[in-house]
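The block underneath contains the structure these notes are about, expressed in structure tokens.
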Amino acid sequence: MGRQCELLGLSRASYYYVARPESAENLELMRLLDEQYVRTPFYGVPRMTAWLRQRGRAVNEKRVRRLLRTMGLEAIYPRPRTSVSAGGTGVFPYLLRDVVVERPDQVWATDITYLRLARGFAYLVAIMDWYSRYVLAWELSLTLEADFCVRALERALAQRRPEIFNSDQGSQFRSEAFTGLLLRAGARISMDGRGRVFDNIFVERLWRTVKYEEVYLKDYGDVAAAGDSLEQYFGFYNQERIHTALEYRTPAAVYGKATSTRRGAAGALHNVLCPPRGAEQSTASEVGSIFNN
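Structure below.
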């Protein structure tokens, strides 16, 4: 084994190293931060630190910053952009300003959210059709590597193709594997301005709904249990849950009736869809009514 590590440029200690899980105290802090972030996504590290201290938690900003980064959470206020992080294909321009979204598959969007488990945490990615709020595919992962996002995109593209695909500037969505799939599918890639939640408002609203209606009501023992429960929830969300913004129709009724569903590895939901039906016009700027879905 020593020779193999030498050839790879790794120390033997790093090969055998197993990352230490978060302590029970840190997991509890992450649960609190997650719930508060859903309520006040504009809170940065100083405010989150003050909020925890007001509740008797002895934390400093350094600890709160690390936990928020572990969870993939970032305050949503706009900031000047002075650099582009390394890796991936770079940042694509935001294409949806003043765009009227008036049909299914005109715009798809994606995002990642933190998902708490009874003894740890995982990450959930979903791909949604903006017009109908239909969740085309989703996937769970224990890490923030790009692979689980690529798998979700492959499932979605196996059924339909978007004209525009919108995401944030996360490294998963800038990876060559992810952008390459979209470019080969003929989709135009759009990316949010850094820290601007309203650029991807429909997916942000989806996370709020999923957390209040599903995640916070459950205590997932592990990723498999989370996948089983989320499969049921997303089936309900697509097929049964009515939205006021859709004139009290379901996402499936607006996007096109689903004829079957399949569950893939790591709890992904795969939908086989019929051609779309007509629906009402919506716009990317209808911020005022979005949070009343």
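Convert by adding 4 to the 1-based position in the sequence shown; the result is the number in our numbering. Think of the CB as a built atom: it goes at the ideal place given N, C-alpha and C, for glycine as much as any other residue. These numbers were taken from a predicted model, which means no experiment stands behind them.
Among Thr254, Cys153, Thr147, the one whose alpha carbon lies nearest that of Leu185: Within the sequence shown, the letter at position 181 stands for residue 185. Just measuring C-alpha positions, the residue of Thr254, Cys153, Thr147 sitting nearest Leu185 is Cys153.
C-beta contact flag for Leu119 and Tyr127 at 8 Å: Working through the sequence shown from its first residue, we reach residue 119 at position 115. Working through the sequence shown from its first residue, we reach residue 127 at position 123. The answer is yes: Cβ separation under 8 Å.
Nearest neighbour of Ala257, chosen from Thr53, Val207, Arg137 [CA to CA]: For the purposes of this step, residue 257 is taken as residue 253 along the sequence shown, with counting starting at 1. Ranking Thr53, Val207, Arg137 by CA distance to the CA of Ala257 puts Arg137 first.
Counted within 10 angstroms of its Cβ, other Cβ atoms place Arg70 as buried (16 or more) or exposed: Position 66 of the sequence shown, counting from 1, holds the residue named residue 70. Answer is exposed; the Cβ neighbour count stays below 16.
Exposure label - Lys66; buried when at least 16 CB within 10 Å: Numbered from its first residue, the sequence shown carries residue 66 at position 62. Lys66 counts as exposed, since fewer than 16 other beta carbons sit within 10 angstroms of its beta carbon.
Length of the line joining the Cα atoms of Gln243 and Tyr259: Taking the sequence shown and counting its residues from 1, one reaches residue 243 at position 239. Taking the sequence shown and counting its residues from 1, one reaches residue 259 at position 255. Taking the straight line from one Cα to the other gives about 10 Å.
Whether Val95 touches Met195 by CB criterion (8 Å): As a position in the sequence shown, residue 95 is number 91, starting the count at 1. As a position in the sequence shown, residue 195 is number 191, starting the count at 1. Contact flag set, yes.
Proximity below 8 Å, CB of Val111 to CB of Glu167: Along the sequence shown, read from residue 1 onward, the residue named residue 111 stands at position 107. Along the sequence shown, read from residue 1 onward, the residue named residue 167 stands at position 163. In this structure, Glu167 lies closer than 8 Å to Val111 by Cβ.
Assigned exposure category for Asn204 - 16 Cβ within 10 Å defines buried: Counted from its first residue, the sequence shown places residue 204 at position 200. So Asn204 counts as buried.
Top-ranked residue by Cα proximity to Pro108, from Arg43, Glu26, Arg165, Asp172: Within the sequence shown, numbered from 1, the residue matching residue 108 stands at position 104. Nearest neighbour of Pro108 by Cα position, chosen from Arg43, Glu26, Arg165, Asp172, turns out to be Arg165.
Assigned secondary structure, Thr302 (DSSP; H/G/I helix, E/B strand, else coil): The question about residue 302 has no answer, for the chain in this structure spans 5 to 297.
Proximity below 8 Å, CB of Phe206 to CB of Ala113: Stepping through the sequence shown from its first residue, residue 206 is reached at position 202. Stepping through the sequence shown from its first residue, residue 113 is reached at position 109. For the pair Phe206 and Ala113, the CB atoms are nearer than the 8 Å cut-off.
Supposed close pair Tyr252, Ile246 - CB separation, criterion 8 Å: By one-based count along the sequence shown, residue 252 stands at place 248. By one-based count along the sequence shown, residue 246 stands at place 242. Rounded, the Cβ-Cβ distance is 5 Å, consistent with contact.
Residue range of the unbroken beta strand (DSSP E) whose run includes Val129: Within the sequence shown, the letter at position 125 stands for residue 129. Looking at the DSSP string, the run of the beta strand (DSSP E) that includes Val129 is 124 to 133.
Collapsed DSSP secondary structure at Ile168 in the structure displayed: Within the sequence shown, the letter at position 164 stands for residue 168. Here Ile168 sits in strand by DSSP.
Helix, strand or coil at Ser330 [DSSP, three-state]: Outside the displayed span of the chain (5 to 297) sits residue 330, for which this structure offers no information.
Spatial distance of Arg192 from Met132 (CA atoms): If you number the sequence shown from 1, residue 192 lands on position 188. If you number the sequence shown from 1, residue 132 lands on position 128. Approximately 16 Å, taken between the alpha carbons.
Residues near Asn30 by beta carbon distance below 7 Å, same chain, minus five either side: For the purposes of this step, residue 30 is identified with residue 26 of the sequence shown, where counting begins at 1. Contacts found: Leu71.
8 Å Cβ cutoff met for Val227 and Leu146: Within the sequence shown, the letter at position 223 stands for residue 227. Within the sequence shown, the letter at position 142 stands for residue 146. For the 8 Å CB-CB criterion, Val227 and Leu146 form a contact.
Distance, Phe169 Cα to Val105 Cα: Along the sequence shown, read from residue 1 onward, the residue named residue 105 stands at position 101. Along the sequence shown, read from residue 1 onward, the residue named residue 169 stands at position 165. Across the structure, Val105 and Phe169 are spaced so that their CA atoms are roughly 12 Å apart.
Beta-carbon gap between Ile80 and Pro45 smaller than 8 Å: Your numbering for residue 80 matches position 76 in the sequence shown. Your numbering for residue 45 matches position 41 in the sequence shown. Closer than 8 Å, so yes.
Run of the alpha helix (DSSP H) containing Glu143, from where it starts to where it stops: Stepping through the sequence shown from its first residue, residue 143 is reached at position 139. Looking at the DSSP string, Glu143 is not in any alpha helix (DSSP H); the run it does join, the beta strand (DSSP E), is 138 to 145.
Member of Leu36, Val42, Arg155 whose CA lies at the smallest distance from the CA of Trp55: Position 51 of the sequence shown holds residue 55. That would be Leu36, whose Cα lies nearest to the Cα of Trp55.
Check whether Leu144 and Ala230 have beta carbons under 8 Å apart: Mapped onto the sequence shown, residue 144 falls at position 140. Mapped onto the sequence shown, residue 230 falls at position 226. Taking C-beta atoms as the reference points, Leu144 and Ala230 count as a pair closer than 8 Å.
Continuous beta strand (DSSP E) stretch holding Ile3: start and end: Past the boundaries of the shown model lies residue 3; the chain is included only from 5 to 297, so the question cannot be answered.
Own chain residues within Cβ distance below 6 Å of Trp211, not counting five before or after: Sequence index remark: in the sequence shown, residue 211 carries index 207 (1-based). Within the same chain, Trp211 has close Cβ partners Thr117.
Distance, Ser27 Cα to Arg155 Cα: Taking the sequence shown and counting its residues from 1, one reaches residue 155 at position 151. Taking the sequence shown and counting its residues from 1, one reaches residue 27 at position 23. Linking Arg155 to Ser27 through their CA atoms gives a straight-line distance of about 30 Å.
CB-CB length for Phe130 against Gly225, believed under 8 Å: In the sequence shown, counting from the first residue as 1, residue 130 sits at position 126. In the sequence shown, counting from the first residue as 1, residue 225 sits at position 221. Note on residue identity: the sequence assigns Ala, not Phe, to residue 130. Ala130 to Gly225, Cβ: 22 Å. No contact.
Close beta carbons around Ala269, own chain, < 8 Å, minus the five adjacent residues each side: One-based indexing of the sequence shown puts residue 269 at position 265. For Ala269, the pLDDT reaches just 33, beneath the cut-off of 50, and the residue's location in the model is therefore unreliable, although a value from the coordinates is still provided. Cβ within range, chain order: Arg155.
Residue range of the unbroken alpha helix (DSSP H) whose run includes Asp151: Counting from one through the sequence shown, the residue named residue 151 turns up at place 147. For Asp151, the enclosing alpha helix (DSSP H) has its first and last residue at 151 to 161.
Three-state secondary structure (DSSP) of Val105: One-based indexing of the sequence shown puts residue 105 at position 101. In the structure shown, Val105 adopts extended strand secondary structure according to DSSP, grouped into three states.
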